[in-house]
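So the structure is just underneath, and the comments pick up after that.
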Amino acid sequence: MNRFACAACLVVIAGVACGKPGFIDATSATKLPTMNGDRVRCIDLNGDNRPDLIANDGTQHRVFLNRAIDNGWAWEEVANPNLPTRRKQDVIAAADLDNDGHADVVMARYLDVNGKDYKAPDETWNLGWMRGKGDGTFENVTPIPGLKPCTTTTIAIGDVNMDGRLDLFIGNWYTRYGVSNEAFGNDLFVQTEPGKWTRSPLPTEGVGFDEEKDLGGRPCYGVMIVPQDLNQHQSNRREPLLLELCYGRRWNRLWLQSIDGFWIDGAALRGLDADADRSGEYPAWLAERAKTDARFKRETEKPYRTGGNTFDAAIGDVDNDGGLDICFSEITHAWAGPSSDRTKILMNRGLKFEYEPIRSVDRVTADPANHSWNQGDLFCELADMDLDGRLDLVLCSSDYPDNQRLRIFLQQPDGSMLDSTTALGIDHEGAGQLSLADLDQDGDLDIVVCQSFNRLPAERTKGRTPHIRVWQNNAADDRTMGAITITLQGDPNQWMSRDALGAMCWLDGVIDGKQVRQTRALIGVGGCVGKQHQFLVHFGLGKIDPEARYRFAVRWPGMLSKVSEVPPLPNGHFIIGPGGVQR
244 MNRFACAACL
254 VVIAGVACGK
264 PGFIDATSAT
274 KLPTMNGDRV
284 RCIDLNGDNR
294 PDLIANDGTQ
304 HRVFLNRAID
314 NGWAWEEVAN
324 PNLPTRRKQD
334 VIAAADLDND
344 GHADVVMARY
354 LDVNGKDYKA
364 PDETWNLGWM
374 RGKGDGTFEN
384 VTPIPGLKPC
394 TTTTIAIGDV
404 NMDGRLDLFI
414 GNWYTRYGVS
424 NEAFGNDLFV
434 QTEPGKWTRS
444 PLPTEGVGFD
454 EEKDLGGRPC
464 YGVMIVPQDL
474 NQHQSNRREP
484 LLLELCYGRR
494 WNRLWLQSID
504 GFWIDGAALR
514 GLDADADRSG
524 EYPAWLAERA
534 KTDARFKRET
544 EKPYRTGGNT
554 FDAAIGDVDN
564 DGGLDICFSE
574 ITHAWAGPSS
584 DRTKILMNRG
594 LKFEYEPIRS
604 VDRVTADPAN
614 HSWNQGDLFC
624 ELADMDLDGR
634 LDLVLCSSDY
644 PDNQRLRIFL
654 QQPDGSMLDS
664 TTALGIDHEG
674 AGQLSLADLD
684 QDGDLDIVVC
694 QSFNRLPAER
704 TKGRTPHIRV
714 WQNNAADDRT
724 MGAITITLQG
734 DPNQWMSRDA
744 LGAMCWLDGV
754 IDGKQVRQTR
764 ALIGVGGCVG
774 KQHQFLVHFG
784 LGKIDPEARY
794 RFAVRWPGML
804 SKVSEVPPLP
814 NGHFIIGPGG
824 VQR
């Protein structure tokens, strides 16, 4: 057991006072070099229960171990991790794929095979995995056969068939971007033995592009493997679901497994395909402008293109009612009209997910004459950033010139979401992929986030270079706010993966005078371009009561669906397996 005693003094950065809720830019202080990258993921690579970092610096994948030092912690780069060179838009993810206790890496190539300037890579593989050695280095690539060369954009990792082995859900994009709306279908690879995967066809297999029914592939920037609990509040079914986050104003999909083993799209039934406006109409002012500028001429969209540009999703119990809610992050523009979806938190109300305006995170200008606004929301995550027992929203926006940045919306007691970015001390323009982790092991969640100045005018980028940054959370620094953090260690001999991806967890206790049950799902890897956080189950406890104890229960992934309870826990960090608390 690793309690948070003295955690407040683990990281001391000169000139920064502890005790005030907020964030500090700890990039330089923790010795992370300047890197212009767009992919980050935090995961324990060397078995010391500290989150390490895999990030790209241009075409190079770099690995940094999280090391304890006298006055806190710092990154230490691994000299030669032996990871492949990255081509633009290739996707990488990490997990203990073979259940040997070490984190491995899987990588897929983005191959625009129908592009006029396409050049095939030197390697003969387009999907492969690298076994981890347990020290931040990896063995050579082992190809995974079966993936047709295509525009692969994203990876999700989870146990789809509940056999204790981690499977791969591969998301793909357009067949010819800008020429056709046709897209490659997505791919599911089921692990049949350690390090061996077999491609398992999905319903889009062999289905051509059809504007009327749109039953074939849809372009995806994100895919996820999510617990059955997202489907309804209570269910006797335990098979995970496959969530497709679709781009190009296409409808999202939620693949459910039927009793006889077939995949059925349940997104529309649950209200997760798109919002209610399916008009496909463009604003009247756009038609007026098109009279003098043909570039703005738009015909009303057909029904299949009345959804959103969905890049990412985050799943969590926002209102602590026991049901998993969801946030979709969307890119939309003033010119796109009302049927283009906006970023929303959707509440699980049993049979259907519903939007409640009190939870709005919209930033659209109130000026009706402003026809140039954008919301470039690429990444999102639901997490308790201020340790009050309520999930907040971390939102990363980029790629447009109108104040796109990293934002944190803190959930208020009435359920509203308050943009608290400035108050928390965060100033990060052009936020890209993020990874949440307890980097300093004090009980609150820190942020590693990429940066992009794409589409910013030259005068705003002069003298500036986008780079990956570490935003360190000091919510726990004065030791008045508490947390319980849990690392789960599954037992492959009990049909569960060692990383326990897909586990459902509950914490019961009194928070600030009220009895609260918090629900968490350990999603692991999935979302926009393979989003990944530390594999950590995190509960905020509000103001610390040294005498308080909290009941914890976990339903392990796998066909046994084993439920474990442990003796009541105090504030602190714990490692828990099927047999109970391990230390």
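Counted from 1, the sequence shown has number 739 at position 496 by our numbering; the numbering is strictly sequential. Where a beta carbon is used, it is the ideal one built from N, C-alpha and C, also for glycine.
Quiz item: Per DSSP, which one or two residues make a beta bridge with Val334?
Solution: Checking the DSSP bridge columns, you'll see Val334 partnered with Ala351.
Exercise. Give me the Cα-Cα distance between Pro526 and Glu573, rounded to the nearest whole angstrom.
Key: Going from the Cα of Pro526 to the Cα of Glu573 covers about 19 Å.
Practice problem: In the DSSP assignment, find the beta strand (DSSP E) that holds Glu531 and state where it starts and stops. | Solution: Element bounds for Glu531: not the beta strand (DSSP E) but the alpha helix (DSSP H), Ala527 to Ala533.
Exercise. For Phe596, count neighbouring Cβ atoms within 10 angstroms of its own Cβ and tell me buried if that reaches 16, exposed if not.
Key: The residue in question, Phe596, is buried, as its Cβ has 16 or more Cβ neighbours within 10 Å.
Quiz item: Taking Cβ positions, are Phe652 and Ser663 nearer each other than 8 Å?
Solution: Yes, Cβ-Cβ distance for Phe652 and Ser663 is below 8 Å.
Quiz item: Residues bridged to Glu487 by DSSP?
Solution: Answer is Val466 and Arg496, bridged to Glu487.
Self-check item: Phe554 versus Asn429: straight-line alpha-carbon distance, rounded
Solution: Phe554 and Asn429 have their alpha carbons spaced roughly 15 Å apart.
Practice problem: Look up Tyr361 in the DSSP assignment and give the residues it is bridged to. | Solution: Checking the DSSP bridge columns, you'll see Tyr361 has no partner listed.
Exercise. Quick one: residues in its chain with C-beta nearer than 7 Å to the C-beta of Pro811, no 5 flanking neighbours on either side, listed in chain order?
Key: Within the same chain, Pro811 has close Cβ partners Arg792, Tyr793 and Arg794.
Quiz item: Just to confirm, are Leu744 and Asp402 a CB contact at a threshold of 8 Å?
Solution: Yes, Cβ-Cβ distance for Leu744 and Asp402 is below 8 Å.
Quiz item: Among Arg712, Tyr643 and Tyr417, which one has its Cα closest to the Cα of Ile669?
Solution: Selected option, being the one with the closest Cα: Arg712.
Practice problem: Compute the Euclidean distance between the alpha carbons of Asn323 and Arg329, then round it to the nearest angstrom. | Solution: If I take the Cα positions, the gap works out to 15 Å.
Quiz item: On the three-pair Cβ rule with 8 Å, is the stretch 263 to 281 touching the stretch 697 to 717?
Solution: These segments touch.
Quiz item: Should Gln477 be labelled buried (16 or more other beta-carbon atoms within 10 Å of its own) or exposed?
Solution: A caution first: Gln477 carries a pLDDT of 45, below 50, which makes its placement in the model too unreliable to give a value.
Exercise. For Ile387, I'd like the list of residues in its chain whose CB is within less than 8 Å of its CB, leaving aside the five on either flank, ordered along the chain.
Key: Around Ile387: Val349, Trp368, Leu370, Gly371, Trp372, Leu411, Phe432 and Trp440.
Quiz item: Which residue's Cα is closest to the Cα of Pro644: Pro656, Ser740 and Asn617?
Solution: Closest by alpha carbon: Asn617.
Quiz item: Which residues in the same chain have their Cβ closer than 6 Å to the Cβ of Phe266, if we skip the five residues on either side of it in sequence?
Solution: Within the same chain, Cβ atoms closer than 6 Å to the Cβ of Phe266 are found at Leu667, Gly668, Ile669, Trp714 and Asn716, the five residues on either side in sequence being excluded.
Exercise. For Cys623, I'd like the list of residues in its chain whose CB is within less than 6 Å of its CB, leaving aside the five on either flank, ordered along the chain.
Key: Excluding positions up to five away in sequence, the list reads Asp555, Ala557, Cys570, Ser572 and Leu638.
Self-check item: Pair within 8 Å by beta-carbon distance, Arg741 and Trp749
Solution: With respect to the 8 Å criterion, Arg741 and Trp749 are not classified as neighbours on the basis of their beta carbons.
Quiz item: Per DSSP, which one or two residues make a beta bridge with Val824?
Solution: Per DSSP, Ile819.
Exercise. Taking Asp291 as the reference, give the member of Leu275, Leu308, Glu487 and Ile297 with the closest Cα.
Key: Of Leu275, Leu308, Glu487 and Ile297, the residue nearest in Cα terms is Leu308.
Exercise. Inspect the beta-carbon positions of Leu765 and Phe782 and report whether they are closer than 8 Å.
Key: When the beta-carbon positions are compared, Leu765 and Phe782 stay at least 8 Å from each other.
Quiz item: Since Ala338 and Leu288 are thought to touch, with beta carbons under 8 Å apart, how far apart are those beta carbons, to the nearest angstrom?
Solution: The pair is not a contact, with the Cβ atoms about 11 Å apart (cut-off 8 Å).
Self-check item: Nearest residue (CA-CA) to Asp516, options Gly504, Ile507 and Gly551
Solution: For Asp516, the nearest C-alpha among the options comes from Gly551.
Quiz item: Hey, how far is the Cα of Val561 from the Cα of Ser659?
Solution: Computed Cα separation, rounded: 11 Å.
Quiz item: Per DSSP, which one or two residues make a beta bridge with Pro386?
Solution: As a beta-bridge residue in DSSP terms, Pro386 pairs with Gly371.
Quiz item: DSSP state of Gln643, grouped into three classes?
Solution: It should be pointed out that residue 643 corresponds to Tyr in this sequence rather than to Gln. Correct three-state label for Tyr643: coil.
Quiz item: Thr328 by DSSP, collapsed to three states: which one?
Solution: In the structure shown, Thr328 sits in coil (DSSP, three-state: anything other than H, G, I, E or B).
Quiz prompt | 8 Å Cβ cutoff met for Tyr353 and Thr418 | solution = No.
Quiz item: Should Pro294 go down as buried or exposed, given a rule of 16 or more other Cβ atoms within 10 Å for buried?
Solution: By the neighbour-count rule (16 or more Cβ atoms within 10 Å), Pro294 is buried.
Quiz item: Going straight from the alpha carbon of Asp721 to that of Leu688, what length do you get?
Solution: C-alpha separation (whole angstroms): 15 Å.
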